[in-house]
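Going by UniProt numbering, the first residue of the sequence shown is number 1, and it counts up by one from there.
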Amino acid sequence: MQTAPTPKEPEKPKDAPRRGKEQIVYIKLNELHAFKNHPFEVRDDEEMRAMVSSVKDKGVTQPAIVRPREDGGYEIVSGHRRQKASELAGYADMPCIVRNLTDDEAITQMVEDNLNQREEILPSERAKALKMQLEAIKHQGSRTSGQIDPKDAGKRSNEIVAERNKMAVKQVQRYIRLNELVPT
């Protein structure tokens, strides 16, 4: 297995920064775990083969976003396909940015990153992702700790989801309704 040059040992979970001074650290692939209820399938298709080829040629050019797990290792928030491509390319580790995110923050980040970066998304995947994001935003709004972005104050949750994903509110509502038709 190839190992990317590791400039520094990965930070321990308790030391991961909240957001301020983030660093890229190389984390072993076997320490990375899929996001719980990740709505997007990592397909072995032409797009993946192209990504593997790119990783072999240039390495992983954009670090994954991960968060520490209580039982050790890291949960991938954004970068599931990069992890799979790194594995298929024969690498033992990959660059990551470690963030201490709440469940709601991680869901919101995961959905926004995947909906903005992936080229082909099944309607069922988009529906599940938007529903997860809507529930996370509703949950954040019910707290008094100020987790909701001040620019979103006074907006309904589905308006926030629509805005963040560059969609119409009606379109978001239709996708979310698809979850009633799709078995989980």
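Beta carbons: idealized from backbone N, C-alpha and C, even for Gly.
Verify the contact flag: R99, CB atom, against every heavy atom of the ligand MN, threshold strictly below 7 angstroms. Because no ligand of any kind appears in the structure shown, any question about the ligand MN cannot be addressed here.
Whose CA, out of N165, R69 and I137, lies closest to the CA of L32? Taking the first residue of the sequence shown as 1, we reach residue 32 at position 32. Answer by Cα proximity: R69.
Looking at the structure shown, is E22 part of a helix, part of a strand, or coil, going by DSSP? Locating residue 22 in the sequence shown gives position 22, where the first residue counts as 1. DSSP places E22 in coil when its eight states are reduced to three.
Is it a yes or a no for the segment 54 to 67 touching the segment 131 to 139, going by three-plus beta-carbon pairs under 8 angstroms? no
Using the Cβ count rule (16 or more neighbours within 10 Å means buried), how would you classify E180? Numbered from 1 along the sequence shown, position 180 holds the residue referred to as residue 180. With fewer than 16 Cβ atoms within 10 Å of its Cβ, E180 is classed as exposed.
Which residue or residues does DSSP assign as beta-bridge partners of A64? Locating residue 64 in the sequence shown gives position 64, counting from the first residue. For A64, which the question treats as bridged, DSSP gives the partners C96.
CB-CB length for I176 against P95, believed under 8 angstroms: One-based indexing of the sequence shown puts residue 176 at position 176. One-based indexing of the sequence shown puts residue 95 at position 95. Going by Cβ atoms, the distance from I176 to P95 rounds to 34 angstroms, so no, they are not a contact pair.
Spatial neighbours of I160 within its chain, please: CB distance less than 6 angstroms, with the 5 preceding and 5 following residues excluded, ordered by chain position. Reading the sequence shown from its first residue, position 160 is the one you call residue 160. Only I137 and D152 meet the Cβ criterion.
Compute the Euclidean distance between the alpha carbons of V111 and I121, then round it to the nearest angstrom. As a working mapping, residue 111 is identified with position 111 in the sequence shown. As a working mapping, residue 121 is identified with position 121 in the sequence shown. Distance between the alpha carbons of V111 and I121: 12 angstroms.
Nearest CA to the CA of R99: which residue from L115, A129, E87 and P63? Start at 1 with the first residue of the sequence shown, and residue 99 comes out as number 99. The shortest C-alpha separation from R99 is found at P63.
Which same chain residues end up closer than 7 angstroms to N116 when comparing Cβ atoms and leaving out the 5 residues on each side of it in sequence? Residue numbering aside, residue 116 sits at position 116 when the sequence shown is read from its first letter. The answer is none, since no qualifying residue turns up.
Keeping to the same chain, check which residues put their C-beta closer than 8 angstroms to that of L29; ignore five residues upstream and five downstream. Start at 1 with the first residue of the sequence shown, and residue 29 comes out as number 29. So the qualifying residues of the chain are Q83, S86, E87, Y91, A92, D93 and M94.
Taking the CB atoms as reference points, tell me whether Q173 and N158 lie closer together than 8 angstroms. Residue numbering aside, residue 173 sits at position 173 when the sequence shown is read from its first letter. Residue numbering aside, residue 158 sits at position 158 when the sequence shown is read from its first letter. Yes, the Cβ-Cβ distance between Q173 and N158 is below 8 angstroms.
Decide if K21 is buried, meaning its Cβ has at least 16 other Cβ atoms within 10 Å, or exposed. Residue 21 sits at position 21 when you count from the first residue of the sequence shown. With fewer than 16 other Cβ atoms within 10 Å, it is exposed.
Specify the secondary structure class of I121 as computed by DSSP and reduced to three states. Position 121 of the sequence shown holds residue 121. Correct three-state label for I121: coil.
In terms of residues, what are the limits of the beta strand (DSSP E) holding V42? The sequence position of residue 42 within the sequence shown is 42, counting from 1. Element bounds for V42: n/a, residue is neither H nor E.
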